[in-house]
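When we follow the UniProt record's numbering, the leftmost residue of the sequence shown carries the number 1, and every step to the right adds one.
Notes for the one structure printed next.
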Amino acid sequence: MALKIFITGATGYIGGDTLHNLYAKHPDHQYTALVRTKDKAAIVEKAYPNVQIVIGDLDNSELLEEQASKADIVLHTADASDHAGAAKAIAAGLVKGHSGNSSKPRYWLHTGGTGILTYEDSEAGRLGEHSDKEYNDWTAVNELTHLPASAFHRNVDEIVLETGEKHGDVVKTAIVCPPTIYGKGRGPVATRSRQAYELTKLVLTGKYIPVVGSGKARWNNVHVSDLASLFTLLVEEAGNPTADKQSELWGSKGYYLAENGEHVWTDLAVRIGQECTKQGYISNLEKKSLTKEAALDQAGFEAVSWGWNSRGKAERAKHLLGWKPSGPSIEAEVPNMVQEEHDLLSKKA
(Lines of atoms letter the chains of each structure in order from A and count residues from 1; the text may use other names and numbers.)
(Lines give C-alpha, C1' and ligand atoms only; values in the text may rest on other atoms or scores of the structure.)
Protein backbone atom coordinates (compact mmCIF):
# COMPACT_ATOMS: atom_id res chain seq x y z
CA MET A 1 0.00 0.00 0.00
CA ALA A 2 1.38 3.40 -0.99
CA LEU A 3 1.70 5.70 2.02
CA LYS A 4 1.79 9.48 2.20
CA ILE A 5 4.93 10.35 4.17
CA PHE A 6 5.84 13.86 5.28
CA ILE A 7 9.49 14.15 6.30
CA THR A 8 11.38 16.99 7.95
CA GLY A 9 15.17 17.01 7.80
CA ALA A 10 15.61 15.48 4.34
CA THR A 11 18.69 17.69 3.87
CA GLY A 12 20.02 16.76 7.31
CA TYR A 13 22.17 13.86 8.46
CA ILE A 14 19.53 11.58 10.04
CA GLY A 15 16.66 12.50 7.74
CA GLY A 16 18.84 12.35 4.66
CA ASP A 17 20.05 8.85 5.36
CA THR A 18 16.58 7.66 6.35
CA LEU A 19 14.98 9.06 3.19
CA HIS A 20 17.72 7.37 1.16
CA ASN A 21 16.91 4.03 2.76
CA LEU A 22 13.14 4.45 2.54
CA TYR A 23 13.16 5.65 -1.05
CA ALA A 24 15.34 2.74 -2.13
CA LYS A 25 13.07 0.17 -0.46
CA HIS A 26 9.72 1.83 -1.08
CA PRO A 27 9.85 4.09 -4.14
CA ASP A 28 6.06 3.89 -4.57
CA HIS A 29 5.28 5.81 -1.38
CA GLN A 30 4.27 9.45 -1.81
CA TYR A 31 6.99 11.53 -0.14
CA THR A 32 6.74 15.19 0.79
CA ALA A 33 9.84 16.86 2.21
CA LEU A 34 10.11 20.12 4.13
CA VAL A 35 13.16 22.04 2.87
CA ARG A 36 14.27 25.51 3.97
CA THR A 37 15.71 26.91 0.75
CA LYS A 38 15.18 26.59 -2.98
CA ASP A 39 18.85 25.77 -3.49
CA LYS A 40 18.65 22.74 -1.20
CA ALA A 41 15.27 21.82 -2.67
CA ALA A 42 16.90 21.53 -6.09
CA ILE A 43 19.46 19.09 -4.68
CA VAL A 44 16.76 16.92 -3.12
CA GLU A 45 14.67 16.98 -6.29
CA LYS A 46 17.67 15.88 -8.36
CA ALA A 47 18.34 12.95 -6.00
CA TYR A 48 14.68 11.99 -5.65
CA PRO A 49 12.61 13.20 -8.62
CA ASN A 50 9.36 11.84 -7.21
CA VAL A 51 9.61 13.64 -3.86
CA GLN A 52 7.35 16.66 -3.54
CA ILE A 53 9.07 19.67 -1.93
CA VAL A 54 7.50 22.28 0.31
CA ILE A 55 9.63 25.29 1.18
CA GLY A 56 9.56 26.32 4.82
CA ASP A 57 11.08 25.83 8.24
CA LEU A 58 10.11 24.63 11.71
CA ASP A 59 8.87 28.05 12.74
CA ASN A 60 6.16 27.89 10.07
CA SER A 61 3.51 26.24 12.23
CA GLU A 62 0.68 26.62 9.73
CA LEU A 63 2.66 24.84 7.03
CA LEU A 64 3.70 22.03 9.37
CA GLU A 65 0.14 21.54 10.56
CA GLU A 66 -1.18 21.52 7.00
CA GLN A 67 1.34 18.96 5.78
CA ALA A 68 0.92 16.75 8.85
CA SER A 69 -2.84 16.76 8.33
CA LYS A 70 -2.36 15.30 4.83
CA ALA A 71 0.11 12.57 5.80
CA ASP A 72 -0.33 8.96 6.81
CA ILE A 73 3.07 9.15 8.50
CA VAL A 74 5.10 12.11 9.74
CA LEU A 75 8.82 11.37 10.02
CA HIS A 76 10.25 14.24 12.06
CA THR A 77 14.06 14.45 12.12
CA ALA A 78 14.87 18.18 11.75
CA ASP A 79 15.84 19.58 15.17
CA ALA A 80 13.00 17.38 16.36
CA SER A 81 14.07 16.93 19.96
CA ASP A 82 14.36 20.64 20.78
CA HIS A 83 11.70 22.53 18.79
CA ALA A 84 8.51 22.48 20.85
CA GLY A 85 6.61 24.68 18.40
CA ALA A 86 7.14 22.25 15.54
CA ALA A 87 6.06 19.32 17.70
CA LYS A 88 2.85 21.09 18.68
CA ALA A 89 2.07 21.92 15.05
CA ILE A 90 2.65 18.33 13.93
CA ALA A 91 0.45 17.02 16.74
CA ALA A 92 -2.34 19.41 15.81
CA GLY A 93 -2.12 18.51 12.14
CA LEU A 94 -2.21 14.77 12.70
CA VAL A 95 -5.23 15.01 14.97
CA LYS A 96 -7.00 17.52 12.72
CA GLY A 97 -6.39 15.58 9.55
CA HIS A 98 -7.65 12.25 10.78
CA SER A 99 -10.87 11.09 9.20
CA GLY A 100 -12.30 9.82 12.47
CA ASN A 101 -11.84 6.21 11.44
CA SER A 102 -9.81 4.65 14.24
CA SER A 103 -9.14 1.60 12.08
CA LYS A 104 -6.85 3.77 9.97
CA PRO A 105 -4.73 5.89 12.37
CA ARG A 106 -1.98 8.35 11.48
CA TYR A 107 1.60 7.77 12.66
CA TRP A 108 4.21 10.12 14.11
CA LEU A 109 7.83 8.89 14.10
CA HIS A 110 9.72 11.40 16.20
CA THR A 111 13.49 11.73 16.67
CA GLY A 112 14.65 12.22 20.24
CA GLY A 113 18.17 11.91 21.56
CA THR A 114 19.91 10.15 24.43
CA GLY A 115 21.21 13.48 25.68
CA ILE A 116 18.02 13.16 27.73
CA LEU A 117 19.77 10.46 29.79
CA THR A 118 22.56 12.80 30.91
CA TYR A 119 20.42 14.80 33.32
CA GLU A 120 21.70 13.09 36.48
CA ASP A 121 25.31 13.97 35.67
CA SER A 122 24.52 17.49 34.50
CA GLU A 123 22.31 18.36 37.48
CA ALA A 124 24.77 16.90 39.98
CA GLY A 125 27.71 18.70 38.39
CA ARG A 126 29.51 15.43 37.65
CA LEU A 127 31.95 15.39 34.77
CA GLY A 128 33.69 12.34 33.39
CA GLU A 129 32.74 10.09 36.28
CA HIS A 130 31.94 6.40 35.95
CA SER A 131 28.29 5.37 36.18
CA ASP A 132 26.65 1.96 36.32
CA LYS A 133 23.21 3.41 35.54
CA GLU A 134 21.78 1.85 32.38
CA TYR A 135 18.28 2.42 30.98
CA ASN A 136 16.29 -0.23 29.11
CA ASP A 137 13.52 0.38 26.59
CA TRP A 138 11.99 -3.08 26.99
CA THR A 139 12.13 -4.04 30.66
CA ALA A 140 11.89 -0.46 31.99
CA VAL A 141 10.29 1.66 29.25
CA ASN A 142 8.12 3.40 31.86
CA GLU A 143 11.25 4.99 33.33
CA LEU A 144 12.16 6.46 29.94
CA THR A 145 8.70 7.91 29.39
CA HIS A 146 8.61 9.49 32.85
CA LEU A 147 11.98 11.22 33.10
CA PRO A 148 12.02 14.50 35.07
CA ALA A 149 10.84 17.68 33.36
CA SER A 150 14.33 19.18 33.74
CA ALA A 151 15.94 16.52 31.52
CA PHE A 152 17.35 17.65 28.17
CA HIS A 153 14.74 17.21 25.35
CA ARG A 154 12.05 16.22 27.87
CA ASN A 155 9.72 19.13 27.08
CA VAL A 156 9.35 17.92 23.49
CA ASP A 157 9.13 14.25 24.48
CA GLU A 158 6.15 15.20 26.63
CA ILE A 159 4.30 16.71 23.65
CA VAL A 160 4.76 13.52 21.62
CA LEU A 161 3.85 11.20 24.48
CA GLU A 162 0.79 13.24 25.41
CA THR A 163 -0.43 13.13 21.81
CA GLY A 164 0.01 9.36 21.69
CA GLU A 165 -1.84 8.86 24.94
CA LYS A 166 -4.62 11.44 24.60
CA HIS A 167 -5.32 10.70 20.91
CA GLY A 168 -3.99 7.16 20.75
CA ASP A 169 -7.02 5.86 18.88
CA VAL A 170 -6.24 8.05 15.86
CA VAL A 171 -2.55 9.02 16.22
CA LYS A 172 0.13 6.42 16.94
CA THR A 173 3.43 7.85 18.18
CA ALA A 174 6.95 6.46 18.45
CA ILE A 175 10.02 8.23 19.80
CA VAL A 176 13.30 6.96 18.35
CA CYS A 177 16.14 7.99 20.63
CA PRO A 178 19.62 7.70 19.07
CA PRO A 179 22.91 8.15 20.96
CA THR A 180 26.22 9.07 19.28
CA ILE A 181 25.64 8.53 15.55
CA TYR A 182 28.53 7.83 13.22
CA GLY A 183 29.19 6.79 9.64
CA LYS A 184 28.97 8.79 6.42
CA GLY A 185 25.37 9.68 5.66
CA ARG A 186 23.86 8.74 2.30
CA GLY A 187 21.62 11.79 2.04
CA PRO A 188 21.94 14.43 -0.70
CA VAL A 189 23.22 17.28 1.51
CA ALA A 190 24.47 16.67 5.08
CA THR A 191 26.59 13.53 5.44
CA ARG A 192 28.51 14.29 8.65
CA SER A 193 27.51 13.71 12.25
CA ARG A 194 28.81 15.87 15.11
CA GLN A 195 29.80 14.35 18.46
CA ALA A 196 32.55 11.92 17.46
CA TYR A 197 33.53 14.02 14.45
CA GLU A 198 33.99 17.16 16.51
CA LEU A 199 36.16 15.05 18.82
CA THR A 200 38.23 13.97 15.83
CA LYS A 201 38.48 17.56 14.62
CA LEU A 202 39.69 18.69 18.06
CA VAL A 203 42.40 16.01 18.16
CA LEU A 204 43.58 17.01 14.69
CA THR A 205 43.58 20.76 15.32
CA GLY A 206 44.43 20.86 19.02
CA LYS A 207 47.04 18.11 18.73
CA TYR A 208 46.14 16.54 22.07
CA ILE A 209 43.85 13.88 23.55
CA PRO A 210 41.01 15.64 25.41
CA VAL A 211 40.04 14.17 28.79
CA VAL A 212 36.85 15.78 30.07
CA GLY A 213 36.58 15.75 33.85
CA SER A 214 37.65 12.38 35.22
CA GLY A 215 37.62 10.85 31.73
CA LYS A 216 35.44 7.83 32.55
CA ALA A 217 32.08 8.81 31.03
CA ARG A 218 30.42 6.33 28.67
CA TRP A 219 27.95 6.78 25.82
CA ASN A 220 26.14 4.43 23.45
CA ASN A 221 26.58 4.65 19.70
CA VAL A 222 24.88 3.57 16.47
CA HIS A 223 25.79 3.59 12.79
CA VAL A 224 23.59 5.97 10.79
CA SER A 225 22.49 3.20 8.40
CA ASP A 226 21.24 1.13 11.33
CA LEU A 227 19.28 4.10 12.62
CA ALA A 228 17.75 4.53 9.16
CA SER A 229 16.79 0.86 9.10
CA LEU A 230 14.94 1.27 12.42
CA PHE A 231 12.89 4.17 11.05
CA THR A 232 12.20 2.09 7.93
CA LEU A 233 10.94 -0.84 10.00
CA LEU A 234 8.57 1.49 11.86
CA VAL A 235 7.25 2.86 8.55
CA GLU A 236 6.72 -0.69 7.31
CA GLU A 237 4.90 -1.61 10.51
CA ALA A 238 2.66 1.43 10.14
CA GLY A 239 1.80 0.37 6.60
CA ASN A 240 1.03 -3.20 7.61
CA PRO A 241 0.17 -3.23 11.34
CA THR A 242 0.71 -6.31 13.45
CA ALA A 243 -2.55 -6.54 15.37
CA ASP A 244 -1.29 -8.22 18.53
CA LYS A 245 1.68 -5.84 18.98
CA GLN A 246 0.01 -2.43 18.71
CA SER A 247 -0.03 -1.61 22.42
CA GLU A 248 3.68 -2.41 22.70
CA LEU A 249 4.75 -0.54 19.57
CA TRP A 250 3.18 2.90 20.01
CA GLY A 251 2.13 5.54 22.48
CA SER A 252 3.12 5.11 26.12
CA LYS A 253 5.42 2.19 25.23
CA GLY A 254 6.60 3.48 21.88
CA TYR A 255 10.03 4.63 23.04
CA TYR A 256 12.99 3.16 21.17
CA LEU A 257 16.60 3.48 22.21
CA ALA A 258 18.67 2.97 19.08
CA GLU A 259 22.10 1.79 20.19
CA ASN A 260 24.43 -0.93 19.01
CA GLY A 261 27.45 -0.47 21.22
CA GLU A 262 29.11 1.67 23.87
CA HIS A 263 32.33 3.64 24.18
CA VAL A 264 34.27 5.46 26.87
CA TRP A 265 34.90 8.93 25.50
CA THR A 266 38.54 9.04 26.58
CA ASP A 267 39.23 5.62 25.10
CA LEU A 268 37.68 6.73 21.82
CA ALA A 269 39.80 9.91 21.85
CA VAL A 270 42.94 7.82 22.39
CA ARG A 271 41.99 5.56 19.49
CA ILE A 272 41.39 8.59 17.27
CA GLY A 273 44.78 10.00 18.30
CA GLN A 274 46.50 6.73 17.46
CA GLU A 275 44.86 6.74 14.04
CA CYS A 276 45.91 10.35 13.44
CA THR A 277 49.49 9.28 14.14
CA LYS A 278 49.14 6.18 11.98
CA GLN A 279 47.91 8.26 9.03
CA GLY A 280 50.85 10.64 9.53
CA TYR A 281 48.95 13.78 10.53
CA ILE A 282 50.20 14.19 14.13
CA SER A 283 52.81 12.70 16.43
CA ASN A 284 53.63 12.76 20.13
CA LEU A 285 50.06 13.30 21.32
CA GLU A 286 49.52 13.76 25.04
CA LYS A 287 46.37 13.84 27.15
CA LYS A 288 45.02 17.19 28.29
CA SER A 289 42.38 17.61 31.00
CA LEU A 290 39.39 19.83 30.27
CA THR A 291 36.98 21.38 32.74
CA LYS A 292 33.38 21.98 31.65
CA GLU A 293 34.17 25.60 30.84
CA ALA A 294 37.28 24.65 28.88
CA ALA A 295 35.36 21.97 26.98
CA LEU A 296 32.67 24.48 26.03
CA ASP A 297 35.34 26.88 24.86
CA GLN A 298 37.07 24.20 22.79
CA ALA A 299 34.12 22.58 21.02
CA GLY A 300 30.78 23.68 22.46
CA PHE A 301 28.10 21.33 23.79
CA GLU A 302 29.55 18.28 22.02
CA ALA A 303 32.69 18.58 24.14
CA VAL A 304 30.72 18.75 27.39
CA SER A 305 28.79 15.64 26.35
CA TRP A 306 32.12 13.80 26.31
CA GLY A 307 32.03 14.12 30.09
CA TRP A 308 28.48 12.84 30.71
CA ASN A 309 27.11 9.31 30.81
CA SER A 310 24.32 8.24 28.46
CA ARG A 311 23.75 4.51 28.64
CA GLY A 312 20.84 2.28 27.66
CA LYS A 313 19.86 -1.01 26.07
CA ALA A 314 17.92 -1.04 22.79
CA GLU A 315 15.79 -4.16 23.05
CA ARG A 316 12.29 -3.00 22.03
CA ALA A 317 12.97 -2.73 18.30
CA LYS A 318 14.72 -6.10 18.30
CA HIS A 319 11.82 -7.83 20.09
CA LEU A 320 8.99 -6.23 18.14
CA LEU A 321 10.41 -5.29 14.75
CA GLY A 322 13.27 -7.71 14.24
CA TRP A 323 15.78 -4.84 14.08
CA LYS A 324 19.26 -6.24 13.45
CA PRO A 325 21.98 -3.59 13.43
CA SER A 326 24.74 -4.60 11.04
CA GLY A 327 26.84 -1.48 10.48
CA PRO A 328 30.55 -1.39 11.38
CA SER A 329 31.46 -0.47 14.96
CA ILE A 330 32.48 3.05 15.87
CA GLU A 331 36.02 1.77 16.48
CA ALA A 332 36.13 0.30 12.97
CA GLU A 333 34.93 3.63 11.58
CA VAL A 334 37.71 5.68 13.22
CA PRO A 335 40.09 5.52 10.20
CA ASN A 336 37.36 6.95 7.98
CA MET A 337 36.51 9.62 10.55
CA VAL A 338 40.11 10.77 10.73
CA GLN A 339 40.53 10.82 6.95
CA GLU A 340 37.24 12.66 6.38
CA GLU A 341 37.91 15.30 9.05
CA HIS A 342 41.45 15.85 7.79
CA ASP A 343 40.11 16.32 4.26
CA LEU A 344 37.50 18.82 5.48
CA LEU A 345 40.12 20.81 7.35
CA SER A 346 42.40 20.81 4.32
CA LYS A 347 39.61 22.21 2.13
CA LYS A 348 39.03 25.05 4.61
CA ALA A 349 42.73 25.89 4.94
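The beta-carbon is built from N, C-alpha and C at its ideal position, and this holds for glycine as well.
- For the pair of segments examined, the stretch 147–163 was found not to touch the stretch 304–314: the number of CB pairs separated by less than 8 Å stays below three.
- Taking C-beta atoms under 8 Å as the contact rule, residue 68 and residue 97 qualify, at a distance of about 7 Å.
- In this chain, the beta strand (DSSP E) harbouring residue 256 covers 255–257.
- Residue 222 and residue 229 have their C-alpha atoms roughly 11 Å apart.
- For residue 124, the three-state secondary structure derived from DSSP is helix.
- Note that the stretch 240–247 does not touch the stretch 173–187; fewer than 3 beta-carbon pairs, one per stretch, sit closer than 8 Å.
- Residue 6 is bridged by DSSP to 32, 74.
- In the three-state reduction of the DSSP assignment, residue 83 falls in the coil class.
- Distance from the CA atom of residue 6 to the CA atom of residue 52, rounded to whole angstroms, is 9 Å.
- Under DSSP, residue 182 takes part in a beta bridge, and its partners are 223.
- Between the alpha carbons of residue 321 and residue 272 lies a gap of roughly 34 Å.
- Between residue 107 and residue 238, the gap from beta carbon to beta carbon is short of 8 Å.
- Its chain contains 9, 10, 185, 186, 187, 188, 189, 190, 191 as the residues whose beta carbon lies nearer than 8 Å to that of residue 16, once the 5 sequence neighbours on both sides are disregarded; these appear in chain order.
- Between the stretch 271–289 and the stretch 200–214 there are three or more C-beta pairs closer than 8 Å, enough to call the two in contact.
- When DSSP states are grouped into helix, strand and coil, residue 52 belongs to the strand group.
- DSSP, read as helix, strand or coil, puts residue 103 in coil.
- For residue 333 and residue 299, the gap between their C-alpha atoms comes out near 21 Å.
- Here residue 338 carries a helix assignment [DSSP, helix/strand/coil].
- Exposure of residue 205 is indicated by the presence of fewer than 16 other C-beta atoms within 10 angstroms of its C-beta.
- Per DSSP, reduced to three states, the secondary structure at residue 283 is coil, with no helix or strand assignment.
- Straight across, the Cα-Cα distance linking residue 20 with residue 33 is about 12 Å.
- Between the C-alpha atoms of residue 28 and residue 195 there is a straight-line separation of about 35 Å.
- Taking C-alpha positions only, residue 136 is separated from residue 152 by approximately 18 Å.
- Taking the Cα positions, residue 316 is about 5 Å away from residue 138.
- The three-state reading of DSSP puts residue 242 in coil, since its state is none of H, G, I, E or B.
- Residue 103 and residue 269 have their C-alpha atoms some 51 Å from each other.
- Per DSSP, residue 207 has no beta bridge partner at all.
- The beta carbon of residue 183 sits closer than 7 Å to the beta carbons of 223, 224, 225, 327, 333 from its chain, once the five residues preceding and following it are set aside; these are given in chain order.
- In this structure, DSSP gives residue 111 an extended state, which the three-state scheme calls strand.
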